[in-house]
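S.K.: Residue numbers (my numbering): 1142 to 1522.
Ideal Cβ positions, reconstructed from N, Cα and C, are used throughout, including at glycine.
Attaching a single structure in structure tokens format; questions to follow.
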């Protein structure tokens, strides 16, 4: 959420710099005029797009049920109008034999409004499950906006820093697209994760809840346990409690590993950083590709605050918006514990059949409190 806000205000800052430069010097050279126009375009998209991303991640703006008909056509039309406005401003706003002050002024106004709207319409259809990727892309845009703002005001430091941020953001976006089995084009032109899986009309299965005491009895007999951390662990700040539970299990003769999805949390490496902070040994941190072949031999998989990255529909249901996304195949373990606050869906809004599987039990409540209670059960024995 904070990264999304920083991206947004970075884009807004560049946008304001460009507008200020236009007001201070309406008649510059063509290069400056083009730089101002591109700064406005990219900064405006980064600002409103990041605000929408922040709203989705924070839960303050859900946009559920929002559908933009012919989304790609609408976005393409907005982009075309904005670019025409920028060209009009760039030509008539620079020093030239014509004197069309009204055209250059309206070019600035139209391009600003249109690209602010484009950022809104571009990000709204993208599901929460793909928010980490779009935030990374918006980060790249905010860097590019800063670079063009540097060209507009002739500031070399701003140009260099903006290029570095833009390049690193684009590289991170491509890495995350690969981890999510997405293409960059599909990120922009398709609405992944935007709809819930429809029911087949049969009776809905209810998740089975389990107490901490009963969960302890299963863990006490387990010989191989895999922990699948997710964003919920980060929110609950449960990493230290998870390390304590891992130590208790190992002292009980159990092998413990951590299966980390490439985009678990909000950025690549998010879970790795949290677990490293809790002094979890590096050799226990496994990628999903490393753990999936062994999952059938796992006695208990403990899913802590993860949702979309363990959704079996990504593998088994071609109609699912998540289909094709690599997951941690926790559903293959003999028993699955899912630690969640409630029965809600993940950020993608897609129902997760893992929660109603016969081998899955839910342990509702705060993740840190639940894990700490499990640690206490081991300590009391």
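Taking Cβ to Cβ, would you say residue 1283 is nearer than 8 Å to residue 1196?
M.R.: Not closer than 8 Å, so no.
S.K.: Using a Cβ distance threshold of 8 Å, determine whether the region 1490–1499 contacts the region 1345–1356, with at least three qualifying pairs required.
M.R.: Counting Cβ pairs under 8 Å, three or more are found: they touch.
S.K.: So, helix, strand or coil for residue 1335, using DSSP?
M.R.: Because residue 1335 sits at a pLDDT of 45, beneath the cut-off of 50, its placement in the model cannot be relied upon, and the following sentence gives the value as read from the coordinates. Residue state, collapsed to three classes: coil.
S.K.: Is the region 1441–1448 touching the region 1362–1376 in the sense that three or more CB pairs, one from each, lie closer than 8 Å?
M.R.: Cβ pair count under 8 Å is three or more, so yes.
S.K.: Have a look at residue 1179 and residue 1253 and give me their C-alpha separation to the nearest angstrom.
M.R.: Looking at the two C-alpha atoms, the distance is approximately 10 Å.
S.K.: Count the C-beta pairs between the region 1266–1280 and the region 1319–1328 that are closer than 8 Å, then say yes if the count reaches three, no if not.
M.R.: Output reads yes: the region 1319–1328 touches the region 1266–1280.
S.K.: Helix, strand or coil: which one does DSSP assign to residue 1494?
M.R.: If DSSP states are grouped into helix, strand and coil, residue 1494 belongs with the helices.
S.K.: For residue 1305, is the classification buried or exposed, using 16 other Cβ atoms within 10 angstroms of its Cβ as the cut-off for buried?
M.R.: By the 10 Å Cβ count, residue 1305 comes out exposed.
S.K.: Determine whether the beta carbon atoms of residue 1481 and residue 1466 lie at a separation below 8 Å.
M.R.: Contact: no.
S.K.: In the DSSP assignment, the beta strand (DSSP E) including residue 1441 goes from what residue to what residue?
M.R.: Unbroken beta strand (DSSP E) run through residue 1441: 1441–1445.
S.K.: Whole angstroms is fine: what's the gap from residue 1245's alpha carbon to residue 1461's?
M.R.: The alpha-carbon atoms of residue 1245 and residue 1461 are separated by roughly 48 Å.
S.K.: Once DSSP output is grouped into helix, strand and coil, what is the label at residue 1180?
M.R.: It is helical.
S.K.: Can you find the residues in the same chain that come closer than 7 Å, C-beta to C-beta, to residue 1194, ignoring five residues on each side of it along the sequence?
M.R.: Once the five neighbours on either side are set aside, the close Cβ partners of residue 1194 are 1145, 1264, 1272, 1275, 1276, 1279.
S.K.: Could you tell me which whole alpha helix (DSSP H) segments of length 4 or greater appear in the region 1374–1398?
M.R.: With a minimum length of 4 residues, the continuous alpha helix (DSSP H) runs that stay inside the region 1374–1398 are 1380–1392.
S.K.: Does the count of Cβ pairs from the region 1467–1476 and the region 1508–1517 closer than 8 Å reach three?
M.R.: No, they do not touch.
S.K.: Looking at the strands, I want to know which residues DSSP matches up with residue 1426.
M.R.: Note: residue 1426 sits in a beta bridge opposite 1399.
S.K.: My output table needs one value for residue 1171: the three-state DSSP class, helix, strand or coil.
M.R.: Reduced to three states, the DSSP call for residue 1171 is helix.
S.K.: Quick test of your reading: residue 1162 and residue 1294, contact by CB under 8 Å. State the CB separation rounded to the nearest angstrom.
M.R.: Indeed, because the Cβ distance is near 6 Å, the residues count as touching under 8 Å.
S.K.: Can you tell me where the alpha helix (DSSP H) with residue 1230 in it begins and where it stops?
M.R.: Residues 1212–1233.
S.K.: Could you tell me the alpha carbon to alpha carbon distance between residue 1394 and residue 1364, rounded to whole angstroms?
M.R.: Whole-angstrom Cα-Cα distance: 7 Å.
S.K.: In the DSSP assignment, what residue or residues form a beta bridge with residue 1365?
M.R.: Looking at the DSSP assignment, residue 1365 forms a beta bridge with 1396.
S.K.: Where DSSP assigns a beta bridge to residue 1478, which residues make up the other side?
M.R.: Note: residue 1478 sits in a beta bridge opposite 1443, 1502.
S.K.: Taking the alpha-carbon positions, what's the residue 1408 to residue 1183 distance?
M.R.: Between residue 1408 and residue 1183, the C-alpha separation is close to 23 Å.
S.K.: Comparing C-alpha positions only, which one of 1157, 1258, 1378, 1176 sits nearest to residue 1190?
M.R.: Minimum Cα distance to residue 1190 is reached at 1258.
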